[in-house]
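For reference, the structure is listed below as structure tokens.
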Amino acid sequence: MNKIIDAKGKNCPIPVIMAKKEIDGGNSSFVIEVDNNIAVQNLQKLGNSQGFITELKEDNQIFKVYFSKTSDMFRSEECNEILEERKKDLGTWSVFIGKEIIGAGNEELGKSLIKMYFYTILEGEDLPKSVLFMNDGVKVPTLNEQAIEHLKDLEKEGVEILVCGACLNFYGLEENLKVGKVSNMYDITNRMKEVSKVITL
Numbered sequence: 001m002n003k004i005i006d007a008k009g010k011n012c013p014i015p016v017i018m019a020k021k022e023i024d025g026g027n028s029s030f031v032i033e034v035d036n037n038i039a040v041q042n043l044q045k046l047g048n049s050q051g052f053i054t055e056l057k058e059d060n061q062i063f064k065v066y067f068s069k070t071s072d073m074f075r076s077e078e079c080n081e082i083l084e085e086r087k088k089d090l091g092t093w094s095v096f097i098g099k100e101i102i103g104a105g106n107e108e109l110g111k112s113l114i115k116m117y118f119y120t121i122l123e124g125e126d127l128p129k130s131v132l133f134m135n136d137g138v139k140v141p142t143l144n145e146q147a148i149e150h151l152k153d154l155e156k157e158g159v160e161i162l163v164c165g166a167c168l169n170f171y172g173l174e175e176n177l178k179v180g181k182v183s184n185m186y187d188i189t190n191r192m193k194e195v196s197k198v199i200t201l
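First residue of the sequence shown? That's 1 in UniProt numbering, and the numbers climb one at a time after it.
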């Protein structure tokens, strides 16, 4: 019988951390119960990254995410090897975006500057390993159309774009995300730890 973990009422990244503890402990089959879509998305993302198959069942606003170890692990490992090989061409730095604009002052100018920032790094030879959006910064991959196009091009080059799901929910922008993946504090913190330098705008 699958172990059932109650993560209802807990904000991200707590459900993800609870699932990761089960995985690290060697549990290959378990269920996590949550009560919001952001947690579901983050749990599914974790499962995929760890070689698990995830299934979702919903009952009266309660979501059950079933984790089971895939027997086709070699495919996941092969995909991970391809991704890692591609990322070797990326830099050892990340960009953390906590605001919708660059600097302080005129808002229109700040939005234009952030658009030009992404264009500038896209044209350079040293690309960041990841771009991380939190708080007011989540408005960039949802509302700044010109910046979004540059971010899409960065993503095509292998740059990972992570966007805080709790922040999207706070601003009511869950349905507006146009580039990147919905993420959480756990993953974003780990991306910061993995690189040698984090540039904060």
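Every residue, glycine too, gets a C-beta built ideally from N, C-alpha and C.
Among the options, nearest to residue i - alpha-carbon criterion
i: residue 156; options: 69, 12, 127 and 61; result: 127
i: residue 9; options: 3, 51 and 32; result: 32
i: residue 163; options: 15, 98, 145 and 115; result: 98
i: residue 112; options: 145, 189 and 48; result: 145
i: residue 52; options: 58, 59 and 20; result: 20
i: residue 188; options: 16, 58, 7 and 169; result: 16
One or two residues paired with residue i in a DSSP bridge
i: residue 198; result: 94
i: residue 4; result: 31
i: residue 142; result: Its beta-bridge partners do not exist; DSSP assigns none.
i: residue 65; result: 32 and 56
i: residue 161; result: 131
i: residue 49; result: Its beta-bridge partners do not exist; DSSP assigns none.
i: residue 182; result: 163
Spatial neighbours of residue i in its chain, beta-carbon cut-off 7 angstroms, leaving aside the 5 residues before and after
i: residue 167; result: 134, 135 and 138
i: residue 118; result: 147, 150, 151 and 154
i: residue 221; result: The chain is shown from 1 up to 201; residue 221 falls before or after that span and cannot be answered.
i: residue 45; result: 181
i: residue 169; result: 38
i: residue 107; result: 101
Own chain, CB closer than 8 angstroms to residue i, minus 5 neighbours either side, in chain order
i: residue 72; result: Its pLDDT being 44, under 50, residue 72 is placed unreliably in this model, and the value from its coordinates should be taken loosely. Same-chain partners within the cutoff: there are none.
i: residue 55; result: 65, 66 and 68
i: residue 129; result: 87, 90, 91, 92, 93, 94, 159, 160, 191, 194 and 195
i: residue 40; result: 34, 56, 63 and 65
i: residue 78; result: Per-residue confidence for residue 78 stands at a pLDDT of 45, beneath the threshold of 50, marking its modelled position as unreliable; the derived number appears in the next sentence. Excluding positions up to five away in sequence, the list is empty.
i: residue 82; result: Confidence at residue 82 is low in this model, with a pLDDT of 44, below 50, so its placement is unreliable and no value can be given for it.
i: residue 115; result: 144, 146, 147 and 150
Anticipated Cβ contact below 8 angstroms, residue i with residue j, distance rounded
i: residue 199; j: residue 30; result: Wrong, their Cβ atoms sit about 38 angstroms apart, outside the cutoff.
i: residue 258; j: residue 182; result: In the structure displayed, the chain extends from 1 to 201; residue 258 sits before or after that span and is not available.
i: residue 61; j: residue 35; result: 6 angstroms
i: residue 5; j: residue 18; result: 6 angstroms
i: residue 131; j: residue 100; result: About 14 angstroms separates the two Cβ atoms, so there is no contact after all.
i: residue 102; j: residue 110; result: 5 angstroms
i: residue 201; j: residue 176; result: With 8 angstroms as the limit, residue 201 and residue 176 do not qualify as a contact, their Cβ atoms being about 20 angstroms apart.
Residues of its chain near residue i, where Cβ-Cβ distance is below 6 angstroms and the 5 sequence neighbours each way are ignored
i: residue 22; result: 30
i: residue 13; result: 184, 185 and 186
i: residue 2; result: 29, 30 and 31
i: residue 50; result: 23
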